[in-house]
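Residue numbers (the working numbering): 452 to 1088. Every residue gets a Cβ at the ideal spot worked out from N, C-alpha and C, and that includes glycine. See below for the structure under consideration.
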């Protein structure tokens, strides 16, 4: 399907990766992993033909279609969610325009018998047939299904994309890709802006995807659930194994241990041979043997051990000054976006040195409250920061808070002051920006590099309170661990928005769950919170909410069906009661007649037979009444 042969690319003279070779086949679901800045996003851009490699070749099947979801996207403003999603169907939209033009011509013309009019009808028929073949009559329903799978509601479909956050616009772009039925899907951090419900839906979709998929992600669970192959970029080379991420880590570790053991044994043999050469070289009678050993030594293929990139960033958040005992105090906080009420009657009291986690589904107000605390957005209610509080804020979407036209160095210098300006290069070095890398423009940085730069900026400002919104997005596993250790050592107050249980474990001592416009406090760490909710992980928080919604739907549907059936049974019961009353009346009249005038039965030989039939019918009606009444009672209980 797609052959990559000896592809290399360099930036400012240094190779990002060199002579890498691999093949993509239908059904491959590849997890492309590696440290921030290793070249993952760059490789995706090369595969999508967005940029050219310095050398090497990429060969593909004829008319191979490739879809690419980038970390940062540009949107044309003025379209609704549906209109933007329909942009996925380029060929269909072209045919729709042709059909519309022909129909307009047909309306205007009156020369119904002419050859030109006949040709228009022929053209219209051919185009409509082609339109049907490529799914022109189904694409709108398919679009709505995909959008709903990614978390959009029907009432969102006709809203302008301008009114949605970057994360939701990313979902629209993802929907467009999924609708295009490309042969190859390239996804760069697709889960960063998705809630758990949408991630689970995406996992299911990708598992059944017929083409090849290459996914850049630092979400271990997502990679394990979706991929069947892992390619790691490390120190300019690639390591390719047909295993999902966790299995790959174990396999690569075992292979490296075997390499080390083999290398050690080989080195012993080499040292032994070298000693023999030195011993024989001094004796004329053994010179020939020495030369033979030298030739043998030269032919040995030296065993290489896979290199491991051990470089990690250094991070430490110093506390500026000690604040007052109460850091944040708020009452009746409320926030709405138009008609959408996100927070209502929220009260929050944060003491000095608290370590707090904000958890819950996307859209429940976690990031909103974080922005309110740092006074980034207007709100209703009361909020007061304590004495000497100095807040450092890490935003979820760094692309909106960093100037892409500046270099890494200029970004840091502009954020510094007289006292720490001389430390800028040292700080950048500790965040793995060294040498010419500090001259890179922010707009060319990967998501992980941007996050590292944002963390580095935090060190230039005095702070004793850290508010961090999804700080692990885009960060590789090692960087996540470094950040976690730095936050554990942080002697100030921490508020962190995250859905990563491993990251939160042992980091916080209080959890606030966001749900239904309110917050609920749990006085313990993330494990205590999950224990109280009787669930295993943060995915289950949202999965359970989904299940609860489904249960409610089922219950509502069952209730509706029960009410419908109850109404039908009551109607039947009413009819049976009417019949019973009527036949009882007839039998009663006959009984009265028998008491007063028995002789009339002599003139009618069928009298007693008909009388018995009425009695039998009454008994049947009474049994029917009892059955219906019992069924009604069962539904009611």
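{"Asked": "Return the CA-CA distance between residue 544 and residue 581, expressed in angstroms with no decimal places.", "Found": "12 Å"}
{"Asked": "Using the DSSP secondary-structure output, state which residues sit across from residue 919 in a beta bridge.", "Found": "845, 947"}
{"Asked": "Please list the segments of the alpha helix (DSSP H) lying wholly inside the region 581-612, counting only runs of 4 or more residues, in order along the chain.", "Found": "590-600"}
{"Asked": "In whole angstroms, give me the CA-to-CA distance for residue 894 and residue 856.", "Found": "7 Å"}
{"Asked": "Does the Cβ of residue 775 have 16 or more other Cβ atoms within 10 Å, making it buried, or fewer, making it exposed?", "Found": "exposed"}
{"Asked": "Which two residues bound the contiguous beta strand (DSSP E) that contains residue 720?", "Found": "Counting along the chain, residue 720 falls outside any beta strand (DSSP E), though it belongs to the alpha helix (DSSP H) covering 696-732."}
{"Asked": "Would you check if the distance between the CB atom of residue 898 and the CB atom of residue 624 is smaller than 8 Å?", "Found": "no"}
{"Asked": "Measuring alpha carbon to alpha carbon, tell me which of 635, 1074, 574, 597 ends up nearest residue 517.", "Found": "635"}
{"Asked": "Under DSSP, the beta strand (DSSP E) around residue 968 begins and ends at which residues?", "Found": "Careful: residue 968 lies outside any beta strand (DSSP E) and carries neither H nor E."}
{"Asked": "Between the Cα of residue 972 and those of 854, 900, 889, 798, spot the shortest distance and give me the residue it belongs to.", "Found": "798"}
{"Asked": "Does the region 469-485 come close enough to the region 651-662 to have 3 or more Cβ pairs within less than 8 Å?", "Found": "yes"}
{"Asked": "Would the beta-carbon of residue 968 fall within 8 Å of that of residue 916?", "Found": "no"}
{"Asked": "Under DSSP, the alpha helix (DSSP H) around residue 954 begins and ends at which residues?", "Found": "952-955"}
{"Asked": "Check whether the region 569-579 and the region 591-609 touch, using three or more Cβ-Cβ pairs below 8 Å as the test.", "Found": "no"}
{"Asked": "What's the call for residue 952, buried or exposed, on a 16-neighbour Cβ count within 10 Å?", "Found": "buried"}
{"Asked": "Relative to the C-alpha of residue 911, which residue among 690, 1026, 767 is closest?", "Found": "767"}
{"Asked": "Could you say which of 534, 909, 815 lies nearest to residue 610 if we only look at CA atoms?", "Found": "534"}
{"Asked": "Could you say if the region 948-964 and the region 780-790 meet the contact criterion of at least three C-beta pairs nearer than 8 Å?", "Found": "no"}
{"Asked": "Report the rounded CA-to-CA distance for residue 795 versus residue 829, giving the unit in angstroms.", "Found": "14 Å"}
{"Asked": "Suppose only complete runs of 3+ residues qualify. What are the beta strand (DSSP E) ranges in the region 836-920, listed by chain order?", "Found": "842-845, 916-920"}
{"Asked": "Cα separation between residue 861 and residue 722?", "Found": "53 Å"}
{"Asked": "Kindly list the residues whose CB is nearer than 6 Å to the CB of residue 965, restricted to its own chain and excluding five residues on each side of it in sequence; keep chain order.", "Found": "811, 815, 816, 817"}
{"Asked": "Report yes if the C-beta distance between residue 809 and residue 979 is below 8 Å; otherwise report no.", "Found": "no"}
{"Asked": "Using three-state DSSP, classify residue 622 as helix, strand or coil.", "Found": "helix"}
{"Asked": "Scan the region 487-574 and note each continuous alpha helix (DSSP H) run of 4 residues or more that stays entirely inside, going in chain order.", "Found": "491-498, 532-537, 541-559"}
{"Asked": "Go to residue 787, then tell me how far its beta strand (DSSP E) extends in each direction, as first and last residue.", "Found": "777-788"}
{"Asked": "Find out if the Cβ-Cβ distance for the pair residue 843, residue 909 is shorter than 8 Å.", "Found": "yes"}
{"Asked": "I need the straight-line Cα distance from residue 1101 to residue 683, nearest angstrom please.", "Found": "Given that the chain is displayed from residue 452 to residue 1088, the structure contains no residue 1101 and the question cannot be resolved."}
{"Asked": "Given a threshold of 16 other Cβ atoms within 10 Å of its Cβ, counted over all protein chains shown, does residue 1063 qualify as buried or as exposed?", "Found": "exposed"}
{"Asked": "Would you check if the distance between the CB atom of residue 633 and the CB atom of residue 662 is smaller than 8 Å?", "Found": "yes"}
{"Asked": "Looking only at DSSP bridge pairs, what is residue 792 linked to?", "Found": "787"}
{"Asked": "Excluding the 5 residues preceding and the 5 following residue 937 in the sequence, name in chain order all residues of the same chain whose CB lies nearer than 7 Å to its CB.", "Found": "766, 767, 768"}
{"Asked": "Are the CB atoms of residue 858 and residue 891 within a distance shorter than 8 Å?", "Found": "yes"}
{"Asked": "Do the CB positions of residue 1109 and residue 571 come within less than 8 Å of each other?", "Found": "Past the edges of the chain, shown from 452 to 1088, lies residue 1109, and the structure says nothing about it."}
{"Asked": "Kindly confirm or deny that the region 505-521 and the region 455-470 touch, where touching means at least three C-beta pairs closer than 8 Å.", "Found": "yes"}
{"Asked": "With 16 other CB atoms within 10 Å as the buried threshold, where does residue 563 fall?", "Found": "exposed"}
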